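Q: Under the working numbering, the residues of the sequence shown are numbered 1 to 562, in order.
One structure follows; several queries about it will come next.
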Amino acid sequence: MVDAVEATAWGALRARLAQTKRNYFRYGIALDGALEFAFLEGELNAHAMLYPRGDVPNAVVNEGNFLLHAKTRYGIESVDFGDGKPVWLFTTRGWFADASGVFPLIDGCGVAAGRRELTRFDGETVRSMIEGGAGHLARQVDAQGRFFYGTFPCFDRAIPHYNALRHASTLYAMVDAWPEVRTAGLRDAIERALGYLRTALVRVYRDAALPTRAFVVDEGGEIKLGANAVALLALTRHAQVFGSQEHAGLMDQLGEGILSMQDGATGRFVHVLHAEDLTVKEAHRIIYYDGEAAFALMRLYAATGAPRWLAAVELAFDHFIAAEHWRAHDHWLAYCVNELTLHRPQERYFAFGIRNVADYLDFVLLRETTFPTLLELMMASQAMLARLKRMPQMGALLAAVDLGKFERTLRHRAQYLANGFFWPEWAMFFRAPHKIVRSFFIRHHGFRVRIDDVEHYLSGLVAFLRDGAANLGMPLPDTGRWTADAVLQATQGRWWRAPVGGAWRAAGASVWAPALQPGDMAFVRRPGRKGGMPPPHCGNCPIGRPRSSVWSLGLCRRWMPW
Numbered sequence: 001m002v003d004a005v006e007a008t009a010w011g012a013l014r015a016r017l018a019q020t021k022r023n024y025f026r027y028g029i030a031l032d033g034a035l036e037f038a039f040l041e042g043e044l045n046a047h048a049m050l051y052p053r054g055d056v057p058n059a060v061v062n063e064g065n066f067l068l069h070a071k072t073r074y075g076i077e078s079v080d081f082g083d084g085k086p087v088w089l090f091t092t093r094g095w096f097a098d099a100s101g102v103f104p105l106i107d108g109c110g111v112a113a114g115r116r117e118l119t120r121f122d123g124e125t126v127r128s129m130i131e132g133g134a135g136h137l138a139r140q141v142d143a144q145g146r147f148f149y150g151t152f153p154c155f156d157r158a159i160p161h162y163n164a165l166r167h168a169s170t171l172y173a174m175v176d177a178w179p180e181v182r183t184a185g186l187r188d189a190i191e192r193a194l195g196y197l198r199t200a201l202v203r204v205y206r207d208a209a210l211p212t213r214a215f216v217v218d219e220g221g222e223i224k225l226g227a228n229a230v231a232l233l234a235l236t237r238h239a240q241v242f243g244s245q246e247h248a249g250l251m252d253q254l255g256e257g258i259l260s261m262q263d264g265a266t267g268r269f270v271h272v273l274h275a276e277d278l279t280v281k282e283a284h285r286i287i288y289y290d291g292e293a294a295f296a297l298m299r300l301y302a303a304t305g306a307p308r309w310l311a312a313v314e315l316a317f318d319h320f321i322a323a324e325h326w327r328a329h330d331h332w333l334a335y336c337v338n339e340l341t342l343h344r345p346q347e348r349y350f351a352f353g354i355r356n357v358a359d360y361l362d363f364v365l366l367r368e369t370t371f372p373t374l375l376e377l378m379m380a381s382q383a384m385l386a387r388l389k390r391m392p393q394m395g396a397l398l399a400a401v402d403l404g405k406f407e408r409t410l411r412h413r414a415q416y417l418a419n420g421f422f423w424p425e426w427a428m429f430f431r432a433p434h435k436i437v438r439s440f441f442i443r444h445h446g447f448r449v450r451i452d453d454v455e456h457y458l459s460g461l462v463a464f465l466r467d468g469a470a471n472l473g474m475p476l477p478d479t480g481r482w483t484a485d486a487v488l489q490a491t492q493g494r495w496w497r498a499p500v501g502g503a504w505r506a507a508g509a510s511v512w513a514p515a516l517q518p519g520d521m522a523f524v525r526r527p528g529r530k531g532g533m534p535p536p537h538c539g540n541c542p543i544g545r546p547r548s549s550v551w552s553l554g555l556c557r558r559w560m561p562w
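Structure below.
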């Protein structure tokens, strides 16, 4: 049912959309005040009616897509999009019912609007999401072991590319999820994808003067350091989970391939080779490759105990530390340093791991997109910190991390991934719901569902279920209780501009003035602090819109009230 209505005009709506990230506009639009020709928020986004062409980051009225759906839905032949023409915005509240039950939906205009309410983020909820993601990936593996790479669900349009690196990294995530899922379909898909990796994507190079090396060869005849690394991760995890030594020889050969791409004097890795002659194509492409390679070698060391793998990682870390790679806040480096400190609990390695995350918590906490690798970063860092807590001689290092904030941030980021899960109540608006339901998506990329997108959601949630037991079952923040008084009590701050009316409830929170939505409270930066919007920007925020929620701005000592 309709909850609130606001009259406006196309020109004013376009101005508002220009300040909103694409696919993050969460209001319905009606062409008449009686709402006879109305489009729910789910329809607008599922049919790309507000999605721009090209690389425009903000929402726009896509007149072509809008008219196409209006004609399909209502038989409307034309729409006058002139700036002065009236249009009505509205929000709704409702329920979703299927064979499993009836679910109240989150109302308002926040990022979670329209999905089911989750009162607790418990093991059952997390496991259900993992099963959905793992099941989706299993269904994407064809009879030959090749993945259906991905889709843009607004148009049910396949992504016409392939990527051997993402084939291998997705396989790794599926194997890692197996202990939590254990379905025949997943196991069969794992074995088919592994067979394709071995027979179609890996090439073995033999030279009498050198150890036998294996490389993953990607499209375009490229050998990527990262592809070798994630293939090795998939094989070592497969050996660990299923107790098989069938691929031990290939594991060593992939490891030798990685070593051949490392400078034995500096520890630096070369990132891309030509597959034809193994000459260097690109010395550096992306920092992820470094972390992937070092992490894979650590897993190979754990599997074999061969000292050369650990020595190569320590040499690589000499370079990573000198180059200050921790500034990248890379989840692969977090995975690696966690493994490295298991075997070499040295202060400089722990310090690297702490620097990789300690000053990044505000970003992780307040990031509007789901950004699933952030949970991977937090989970790997948590594992390292848990060991550090048992080492009193490292107390000075541990003091560099606000542990309370770290735990709140980790819990929030895990719960936030529910906003990237294709719940049935979201999937039903798209052209082919059965293809995407219970998978994961990237909202600002046209709700893209690609194997590596699903992979990263899956890896983070599997780690959270396996290692985050203390966080499971925690009640979710109830934004319906964000009254003016409750916010003051929780933050111990003061209102810069207080809300009007005793019935006010915060619909969400914003740290960036252009993204502020009706009903949000803004977090304002205190002098000398990072995060939040500067106070002068607050004067530029629109305050009060007809028939919409109140805009309220708060100056708080803490950034989130839970």
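Even for Gly, the Cβ is constructed at its ideal location relative to N, Cα and C.
Just so we're clear, the structure is a prediction, and the values are computed from it rather than from any experiment.
Considering only DSSP beta bridges, list what Tyr205 is partnered with.
A: Counting from one through the sequence shown, the residue named residue 205 turns up at place 205. Tyr205 is bridged to Arg213.
Q: Could you tell me if His456 is buried or exposed, where buried requires 16 or more neighbouring beta carbons within 10 angstroms of its beta carbon?
A: By one-based count along the sequence shown, residue 456 stands at place 456. Result: buried.
Q: Do the stretch 346 to 357 and the stretch 390 to 403 touch if we need at least three Cβ pairs shorter than 8 Å?
A: Counting Cβ pairs under 8 Å, three or more are found: they touch.
Q: Beta-carbon within less than 7 Å of Trp423's beta-carbon, same chain only, minus the 5 sequence neighbours each way: which residues are those?
A: Your numbering for residue 423 matches position 423 in the sequence shown. Only Arg115 and Arg116 meet the Cβ criterion.
Q: Closest to Tyr563 by C-alpha separation, out of Leu233, Gly82, Trp95 and Leu35, would be which residue?
A: Since the displayed the chain opens at 1 and closes at 562, residue 563 lies outside it and no answer follows.
Q: Among all the DSSP beta bridges, which residues are the ones paired with Met391?
A: Within the sequence shown, the letter at position 391 stands for residue 391. Looking at the DSSP assignment, Met391 forms no beta bridge with any residue, so it has no partner.
Q: Pull up the CB-CB distance for Gly133 and Leu458, whole angstroms please, since I reckon it's below 8 Å.
A: As a first step, residue 133 is located in the sequence shown; it is residue number 133 there, counting from the start. As a first step, residue 458 is located in the sequence shown; it is residue number 458 there, counting from the start. At roughly 4 Å, the Cβ-Cβ gap stays under 8 Å, so Gly133 and Leu458 are in contact.
Q: I think Phe320 touches Met379, with their Cβ atoms under 8 Å apart; what is that distance to the nearest whole Å?
A: Stepping through the sequence shown from its first residue, residue 320 is reached at position 320. Stepping through the sequence shown from its first residue, residue 379 is reached at position 379. No, Phe320 and Met379 are not in contact; Cβ-Cβ is about 20 Å, not under 8 Å.
Q: Identify the residues that DSSP records as bridge partners of Ala158: which are they?
A: The residue you call residue 158 lines up with position 158 of the sequence shown. Note: Ala158 sits in a beta bridge opposite Thr151.
Q: For Gln144, which residues in the same chain have their Cβ closer than 7 Å to its Cβ, ignoring the five residues on either side in sequence?
A: Looking up residue 144 in the sequence shown gives position 144. Excluding residues within five positions, the ones whose Cβ falls inside 7 Å are Tyr196.
Q: Which residue from Arg146, Ala234 and Leu171 puts its Cα closest to that of Tyr162?
A: As a position in the sequence shown, residue 162 is number 162, starting the count at 1. The candidate whose alpha carbon is nearest that of Tyr162 is Arg146.
Q: Please classify Gln140 as buried or exposed, where buried requires at least 16 other C-beta atoms within 10 Å of its C-beta.
A: Working through the sequence shown from its first residue, we reach residue 140 at position 140. By the neighbour-count rule (16 or more Cβ atoms within 10 Å), Gln140 is buried.
Q: For Asp156, I'd like the list of residues in its chain whose CB is within less than 6 Å of its CB, leaving aside the five on either flank, ordered along the chain.
A: Sequence index remark: in the sequence shown, residue 156 carries index 156 (1-based). Here the set comprises Arg431 and Ala432.
Q: In its own chain, which residues sit with a C-beta less than 6 Å from the C-beta of Glu256, not counting the 5 before and 5 after it?
A: Residue 256 sits at position 256 when you count from the first residue of the sequence shown. Counting only Cβ-Cβ distances below 6 Å, and skipping sequence neighbours, we find Pro211 and Arg213.
Q: Would you mind working out which of Ala15, Lys21, Thr72 and Val56 sits nearest Glu43, comparing C-alpha positions?
A: Along the sequence shown, read from residue 1 onward, the residue named residue 43 stands at position 43. The option with the nearest alpha carbon to Glu43 is Thr72.
Q: Should the stretch 435 to 449 be called in touch with the stretch 363 to 383, which here means at least 3 C-beta pairs below 8 Å?
A: Touching, per the Cβ criterion.
Q: For Leu225, collect the residues of the same chain with a Cβ closer than 6 Å to its Cβ; drop the 5 residues on either side in sequence, then sort them by chain order.
A: Position 225 of the sequence shown, counted from the first residue, corresponds to residue 225. Excluding residues within five positions, the ones whose Cβ falls inside 6 Å are Met261, Phe269, His271, Tyr289 and Ala293.
Q: Taking 7 Å as the cut-off, decide whether the C-beta atoms of Leu165 and Ala193 are in contact.
A: For the purposes of this step, residue 165 is identified with residue 165 of the sequence shown, where counting begins at 1. For the purposes of this step, residue 193 is identified with residue 193 of the sequence shown, where counting begins at 1. Not closer than 7 Å, so no.
Q: Would you identify the three-state DSSP class for Leu553, choosing helix, strand or coil?
A: By one-based count along the sequence shown, residue 553 stands at place 553. Per-residue confidence for Leu553 stands at a pLDDT of 34, beneath the threshold of 50, marking its modelled position as unreliable; the derived number appears in the next sentence. DSSP places Leu553 in strand when its eight states are reduced to three.
Q: Could you name each continuous alpha helix (DSSP H) segment of 4 residues or more that falls completely within the stretch 340 to 402, going from the start of the chain to the end?
A: The stretch 340 to 402 contains these whole alpha helix (DSSP H) runs: 347 to 355, 361 to 366, 373 to 388 and 395 to 398.
Q: With DSSP collapsed to three states, give me the class of Met261.
A: Start at 1 with the first residue of the sequence shown, and residue 261 comes out as number 261. Coil, per DSSP.
Q: On the three-state DSSP scale, how would you describe Phe406?
A: For the purposes of this step, residue 406 is taken as the residue at position 406 of the sequence shown. In the structure shown, Phe406 sits in a helix (DSSP, three-state: H, G or I).
Q: Only counting the same chain, and skipping five residues up and downstream in sequence, which positions put a Cβ closer than 8 Å to that of Val126?
A: Stepping through the sequence shown from its first residue, residue 126 is reached at position 126. Excluding residues within five positions, the ones whose Cβ falls inside 8 Å are Ala414, Leu461, Phe464, Leu465 and Leu472.
Q: Buried or exposed: Glu41, going by 16 or more other Cβ atoms within 10 Å of its Cβ?
A: Here residue 41 refers to the residue found at position 41 of the sequence shown. So Glu41 counts as buried.
Q: Can you grab the Cα-Cα spacing for the pair Glu314 / Asn338, in whole Å?
A: As a first step, residue 314 must be located in the sequence shown, where it is residue number 314. As a first step, residue 338 must be located in the sequence shown, where it is residue number 338. Taking the straight line joining both Cα atoms gives about 13 Å.
Q: Cα separation between Glu425 and Met1?
A: Counting from one through the sequence shown, the residue named residue 425 turns up at place 425. Counting from one through the sequence shown, the residue named residue 1 turns up at place 1. Rounded to whole angstroms, Glu425 to Met1 spans 15 Å at the Cα level.
Q: Closest to Val79 by C-alpha separation, out of Arg14, Ala189, Lys405 and Glu63, would be which residue?
A: Walking along the sequence shown from the start, residue 79 turns up at place 79. Of the candidates Arg14, Ala189, Lys405 and Glu63, the one whose C-alpha sits nearest the C-alpha of Val79 is Glu63.
Q: If you run the structure through DSSP and keep just helix, strand and coil, what is Ile106?
A: Counting from one through the sequence shown, the residue named residue 106 turns up at place 106. Residue state, collapsed to three classes: coil.
Q: Which residue marks the beginning of the alpha helix (DSSP H) containing Pro307, and which one marks its end?
A: Taking the first residue of the sequence shown as position 1, residue 307 is located at position 307. Its alpha helix (DSSP H) spans residues Pro307 to Ala322.
Q: Run through DSSP, which three-state label would Met428 get?
A: Here the question's residue 428 lines up with position 428 in the sequence shown. Met428: coil per DSSP, three-state reduction.
Q: If we require 3 or more residues per run, which beta strand (DSSP E) segments fall completely within the stretch 49 to 122?
A: As far as the stretch 49 to 122 is concerned, its whole beta strand (DSSP E) runs of at least 3 residues are 86 to 92, 95 to 98 and 101 to 104.
Q: How is Ala18 classed by DSSP in three states: helix, strand or coil?
A: If you number the sequence shown from 1, residue 18 lands on position 18. Reduced to three states, the DSSP call for Ala18 is coil.
Q: Can you have a look at Cys538 and say buried or exposed, based on whether 16 or more other CB atoms are within 10 angstroms of its CB?
A: On the sequence shown, position 538 is the one that residue 538 refers to. Residue placement at Cys538 is poorly supported in this model, since its pLDDT is 46, which falls under 50; the coordinates still yield a value, given next. With 16 or more Cβ atoms within 10 Å of its Cβ, Cys538 is classed as buried.
Q: Arg355 and Trp309 look like a contact to me (Cβ under 8 Å); what is the Cβ gap, rounded to whole Å?
A: Walking along the sequence shown from the start, residue 355 turns up at place 355. Walking along the sequence shown from the start, residue 309 turns up at place 309. Going by Cβ atoms, the distance from Arg355 to Trp309 rounds to 25 Å, so no, they are not a contact pair.
Q: At which residues does the beta strand (DSSP E) containing Asp3 begin and terminate?
A: Looking up residue 3 in the sequence shown gives position 3. From DSSP, the beta strand (DSSP E) with Asp3 extends over Val2 to Ala9.
Q: May I ask you to report which of helix, strand or coil DSSP gives Ala589?
A: The chain is shown from 1 up to 562; residue 589 falls before or after that span and cannot be answered.
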